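Peer 1:
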Amino acid sequence: MNTSRRDFLKTITTGSSLTALALLHPIGTRFRKRLKEDFTRRGLPISKDYSLKKGVKYLNHGSIGTIPKIVQEAHQDYLSACESNPWFYMWSGEWDKPIENTRQKVADFLNAESDEISFPHNTTEVYNLLALGLDLKTSDEVLLCNLNHAGASIPFHIHSKKRGYKVKVFDIPTKNLSKIKVQDILDLYEANISLNTKLIVMPHIDNTFGLRHPVKEITALARSKGVEFISIDTAQTMGMIPIDVKDLDIDVIGTSAHKWIQAPKGVSVAYFSKRIQQAIDPIFVTWGQKGWKDSARKFEDYGTRNLPEVLTLGHAIDFQMNIDKWAKEEKLKEIWSYAMELSSKNKNTVWRSPQNWELGGSLFVIELKNMIPSEFAKKAFNDHGLVFRPFDNHSTIRISPNLFNTKEELEELFSLIV
């Protein structure tokens with residue numbers, strides 16, 4: 055320990071044996087105690103675990119997720135600790151080990167290695183990194199479908215113009231998605247993969263219609279046809295459904311942890327397989343690049359970081375991992391199935407998402423026959439506190455409930471559709 059750090063520790067102990075590390079320890083201890091108490095009492099989160107304003111019925115986790123109170127409190131504690139001496143907590147190395155513990159938690163969550171995990175700001179950052187940094191020649195092709203989010207597609211369209219590689223986009227028909235089958239999707243990919251396809255980027259579940267890609271089957275097909283790299287956008291799935299990167303045989307994940315992982319805004323998770331790391335040049339470079347050359351860590355550090363949010367991400371992962379994955383799937387599937395039943399009974403709606411849970415998820419889309427979605431959404435919120443996402447260009451509303459949402463909330467929503 056250098057002199058300046060030793061002197062600092064003396065100033066904060068004020069005659070006690072307390073150290074800076076001991077100041078941090080209670081944050082994690084309090085969180086684990088609360089988490090244990092909550093999940094001993096009951097298995098799944100309920101509305102009281104969140105800070106939603108009374109009367110708000112929140113069905114829009116596909117846009118911005120809700121953060122559990124205990125995760126919020128940990129975040130506030132880290133922010134307060136940081137501001138008690140910003141230099142110490144940002145630059146002394148005191149948080150190095152806790153942050154690496156967070157990296158390991160994320161790796162365990164995805165069945166990855168810790169050196170395959172980095173902490174970007176969001177999904178879009180990951181796809182800008184790929185579009186700018188992946189070793190793509192002028193003969194190479196990036197394959198996208200029409201359901202990719204703009205943040206996972208526009209970077210390739212923009213940067214390919216200067217770099218010279220090709221971008222190919224094919225359509226997955228959206229009119230009959232309720233009846234789509236796995237083989238239908240595989241046939242579309244097989245028809246559009248070419249000898250020049252080097253990278254495929256696909257949404258795990260897309261944000262507009264709620265189609266879950268059969269990733270494992272698509273990956274196997276793509277590998278058999280010589281595709282080198284495959285990436286999935288998990289902004290709508292990480293935290294909703296289990297993701298095993300080794301089982302799926304993918305190379306890159308981009309996600310937005312503020313949705314289903316229920317972490318603070320401005321920090322996220324990325325996965326880069328070992329086989330792709332050396333093929334990507336970082337777009338942010340700084341003093342540590344040589345030391346991080348064999349780790350996904352090289353893609354994330356660009357100076358002063360939002361360390362309180364990174365540490366809180368670890369607690370958001372703790373929260374998710376303490377929910378029984380089978381109970382989670384059963385509850386989300388039950389809500390999804392009930393929404394589909396309500397839609398079938400309402401003569402003014404059309405179910406526009408897959409009717410097969412294996413090709414869907416807790417993000418689904420309803421077409422409104424006689425209402426303008428944005429106007430309906432505004433009135434439903436102002437008069438009833440219902441929050442969901444309208445898409446006027448498709449005449450649809452997107453509903454994305456989480457574990458604390460109820461059948462009664464769905465009933466209220468559908469009762470307003472006339």
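Counting in our numbering, the sequence shown runs from 55 upward without gaps.
For each residue, glycine too, the CB sits at the ideal point set by N, CA and C.
Note that the coordinates shown come from a computational prediction; the quantities given were computed from them, not determined experimentally.
#1: Using the rule of at least 16 other Cβ atoms within 10 Å of the residue's Cβ for burial, across every protein chain shown, is T67 buried or exposed?
#2: The alpha helix (DSSP H) with K216 in it runs from where to where?
#3: Could you work out which residue in V223, L413 and R88 is closest to Y243 when comparing CA atoms only?
#4: Return the CA-CA distance between P174 and Y143, expressed in angstroms with no decimal places.
#5: Let me know the secondary structure DSSP gives F263 once reduced to three states.
#6: Under a Cβ-count criterion, where at least 16 other Cβ atoms within 10 Å of its own Cβ denotes burial, should T340 be classed as buried or exposed?
#7: Looking at L386 and M294, is the spacing between their C-beta atoms short of 8 angstroms?
#8: Assess contact between the stretch 220 to 238 and the stretch 274 to 293, defined as three or more Cβ pairs (one per stretch) separated by less than 8 angstroms. Is contact present?
#9: Can you check DSSP and say which residues form a bridge with R84?
#10: Between the alpha carbons of A350 and D150, how many angstroms are there, rounded?
#11: Among V404, E395, G368 and Q374, which one has its Cα closest to the Cα of T156?
#12: Out of curiosity, what's the CA-to-CA distance linking G116 and F263?
#13: Are the stretch 442 to 450 and the stretch 419 to 431 touching, with three or more C-beta to C-beta distances below 8 angstroms?
#14: Return the chain-ordered list of same chain residues with a C-beta closer than 8 angstroms to the C-beta of E463, the five sequence neighbours on each side being excluded.
#15: What three-state label does DSSP hand D287 in the structure shown?
#16: Using the DSSP secondary-structure output, state which residues sit across from N114 in a beta bridge.
#17: Only counting the same chain, and skipping five residues up and downstream in sequence, which positions put a Cβ closer than 7 angstroms to that of L106?
#18: Which of the three DSSP states, helix, strand or coil, is assigned to S302?
#19: For T177, count the other beta carbons within 10 Å of its own beta carbon; 16 or more makes it buried, fewer makes it exposed. Which is it?
#20: If you drop the 5 nearest sequence neighbours on each side, which residues of the same chain put their C-beta closer than 8 angstroms to that of D305?
#21: Taking the Cβ atom as the reference point for each residue, do V255 and L198 lie within a distance shorter than 8 angstroms?
#22: Tell me the rounded alpha-carbon separation between V236 and G342.
#23: Please confirm whether L253 and L188 have their CB atoms less than 8 angstroms apart.
#24: Going by other Cβ atoms of all chains shown within 10 Å of its Cβ, with 16 needed for buried, is M375 buried or exposed?
#25: Return the first residue and the last residue of the beta strand (DSSP E) that K387 is part of.
#26: Using a Cβ-Cβ cutoff of less than 6 angstroms, which residues in the same chain neighbour V269 once the five nearest sequence positions on both sides are dropped?
#27: Since P122 and Q316 are thought to touch, with beta carbons under 8 angstroms apart, how far apart are those beta carbons, to the nearest angstrom?
#28: Throw me the rounded Cβ distance for the G320 and E354 pair, which I believe falls under 8 angstroms.
#29: Do E466 and H438 have their beta-carbon atoms positioned less than 8 angstroms apart in this structure?
#30: Compare the beta carbon distance of P99 and I234 with 8 angstroms and say whether it is the shorter of the two.
#31: Could you give the C-beta distance for V160 and V323, rounded to a whole number, given that I count them as a contact under 8 angstroms?
#32: List in chain order: all unbroken alpha helix (DSSP H) runs of 4+ residues lying wholly within the stretch 124 to 156.
#33: So, is I118 buried or exposed, given that buried needs 16 or more other C-beta atoms within 10 angstroms?
#34: For L467, which of helix, strand or coil comes out of DSSP?
#35: According to DSSP, is W405 part of a helix, a strand, or is it coil?
#36: What are the partner residues of R443, as DSSP defines its beta bridges?
Peer 2: The structure says:
#1: Its pLDDT being 36, under 50, T67 is placed unreliably by the model, and the measurement read from it follows with that caveat. By the 10 Å Cβ count, T67 comes out exposed.
#2: A204 to R217
#3: V223
#4: 20 angstroms
#5: coil
#6: exposed
#7: yes
#8: no
#9: Answer by DSSP bridge pairing: none, since R84 is not bridged.
#10: 16 angstroms
#11: G368
#12: 11 angstroms
#13: yes
#14: K111, L113, L440 and P455
#15: strand
#16: S454
#17: Y112 and T120
#18: As written in the sequence, residue 302 is Leu, which differs from the Ser given in the question. L302: helix per DSSP, three-state reduction.
#19: buried
#20: F283, I284, S285, F326, S327, R329 and I330
#21: yes
#22: 44 angstroms
#23: yes
#24: exposed
#25: It is not in any beta strand (DSSP E) - K387 instead sits in the alpha helix (DSSP H) that spans K379 to K399.
#26: I286 and L302
#27: 6 angstroms
#28: Wrong, their Cβ atoms sit about 13 angstroms apart, outside the cutoff.
#29: yes
#30: no
#31: 5 angstroms
#32: 140 to 145
#33: exposed
#34: helix
#35: strand
#36: R452
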